[in-house]
Amino acid sequence: MKNTLYPLKFQPILKDKIWGGEKLKSLLNKDSQLSNVGESWEISDVEGDTSVVINGNLENQSLKHLLSTYKADLIGEKNYKQFGNKFPLLIKFIDAKEDLSIQLHPNDELAAKRHNSFGKTEMWYVMQADKGANLIVDFNQKMTPELYLEHLNNKSLPNILNFDKVKAGDTYFIEVGRVHAIGAGVLLAEIQQTSDITYRIYDWDRTDDFGNERELHTDLAMDAIGFDMEDNFRVSYDKTSNHSNPMVSCQYFTTNYLKVDNELQKENTFDSFVIYICVEGEAEIKTATHSEVIKKGETILLPAAISTYQIVSEGATLLEVYV
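Residue numbers (this note's numbering): 488 to 810.
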C-alpha cells in the first residue's frame, strides 16, 4: 500500500570543489567533513546523484523510486507526461570561495544529441556576498566568434567579460548559451534543469596539486555560445509580504519570491510539485496530515497531490518553485 504523500525533505548531496569554501557549513549548517564544500545538491535526479528522503514514512527512499511509485501524484499530470520518471529540476546551494571557471551550458537540442541530457537553463539568487564580490554574466561589448577566439587564445578572455558587483537578493536568469561564472565570495541558490552538462572555456590558468589544468571544452562550446544575446539577465521583482512575487518564469520553471510574516493559506493550482527553498529565517509548512519546519539553507518538496496547505512564519524568506 502507498503511503500518503507529505512535504518531503532530502539528504543534501555535498560536493568537494577546488573553488569551494566553508559557508555552506558555517552559514547554512551543512554537515560535512569536506574541506572545500562548493555545492549542496538539495533535490537531484542526476544519474549517480539521486536525492534520498530524510523525513517521515518515506525515509531512505530515493527520488527516483518515489517518481516511479507516485508518478503524477508527485510531479503533476502534465509534468509526468513530459518527463516520465525523470525529475525535471536540480536545486543547489553554491559557495564560491574562489572564482568558478568561465562556462556556459548547451541547449536541449545540443545536450540531447551530444550527451543524452537536458540542456541547462538556470537562475541564481544571491544569499550572501562578500564586499566587492561579483558575478560574471555575458560580454562587456558586442561580440563575434573571431574576437572571442582571439581573446581566448591570448588568455585575455576576462578583458571582454561583464563583471557585476552583487549583494544579497540580487537575482540572475542564465539562459543556455550565455557565458557566465560565479565570482569569489558569493553564496547563492541555483535553480536549474536536471543536467550536469557544463562547457568550461577558461579556468584562470589554475592547476591542481599535480600541476594539471582542468579540461576545457573549447570546441564543444563554439557552436553553443550565444554571441549576440539580449542584455536581459538581471531580474527585478517585488517584495510584497505574504504574496508570491514573480521573479523568473520560463518553459522550464517558475520562481517566486515569498516573504512570510503571518499564517498564509496556499493552494496548489499549478498541476505541479512545489519546492520551497528557505533563504532567510524559518517557516512551518502544514498540510492536512503533516507539519514540517524549514530553516535557512533547507529545501522542501510539496508533491502535486497536496492541494492546500499553510505556511506559518514570523519573517521567513522563501523561493517558491514549480514547473
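No residue lacks a Cβ here, since even glycine has one placed at the ideal position from N, Cα and C. Nothing here was measured: the structure is a model prediction, and the numbers come from that model.
Determine the contact status of glycine 508 and valine 533, defining contact as a CB-CB distance below 9 angstroms. no
What span of residues does the beta strand (DSSP E) with proline 733 cover, start to end? First-last of the beta strand (DSSP E) with proline 733: 732-736.
Using 8 angstroms for Cβ pairs, my map puts tyrosine 689 next to tryptophan 611. What's the rounded Cβ distance? About 19 angstroms; that fails the 8 angstroms criterion.
In or out: asparagine 603 buried (at least 16 other Cβ within 10 Å) or exposed? exposed
Threonine 786 versus leucine 492 - alpha carbon distance: 16 angstroms
Coil, strand or helix - lysine 568 by DSSP: In this structure, lysine 568 counts as helix in the three-state DSSP scheme.
Beta strand (DSSP E) runs contained entirely in the stretch 531-586, provided each spans 3 or more residues: If we require 3 residues or more, the beta strand (DSSP E) runs fully inside the stretch 531-586 come out as 576-583.
State buried or exposed for cysteine 737, treating a residue as buried only when at least 16 other CB atoms are found within 10 Å of its CB. exposed
Give the secondary structure of asparagine 755 by DSSP, where H, G and I count as helix, E and B as strand, and everything else as coil. coil
Residue of Leu515, Leu561, Leu550 and Leu514 minimising C-alpha distance to valine 761: Leu561
Compute the Euclidean distance between the alpha carbons of leucine 545 and asparagine 621, then round it to the nearest angstrom. 41 angstroms
With a cut-off of 8 angstroms on the beta carbons, I'd call valine 666 and leucine 597 a contact; round off their distance for me. Wrong, their Cβ atoms sit about 15 angstroms apart, outside the cutoff.
Segment contact flag, the stretch 719-736 with the stretch 628-648, C-beta cutoff 8 angstroms, min 3 pairs: no
What are the start and end residues of the alpha helix (DSSP H) that includes leucine 495? It is not in any alpha helix (DSSP H) - leucine 495 carries neither H nor E in the DSSP assignment.
Where alanine 775 falls, given that 16 or more other Cβ within 10 Å makes a residue buried: exposed
Alpha helix (DSSP H) segment containing methionine 709, residue limits: 705-709
Just the C-alpha distance for leucine 687 and glutamate 700, rounded to the nearest angstrom, thanks. Leucine is not the amino acid found at residue 687; the sequence shown has arginine there. Answer to the nearest angstrom: the Cα atoms are 12 angstroms apart.
Helix or strand or just coil, what does DSSP make of isoleucine 684? coil
Opening and closing residue of the beta strand (DSSP E) in which glutamate 771 lies: 769-773
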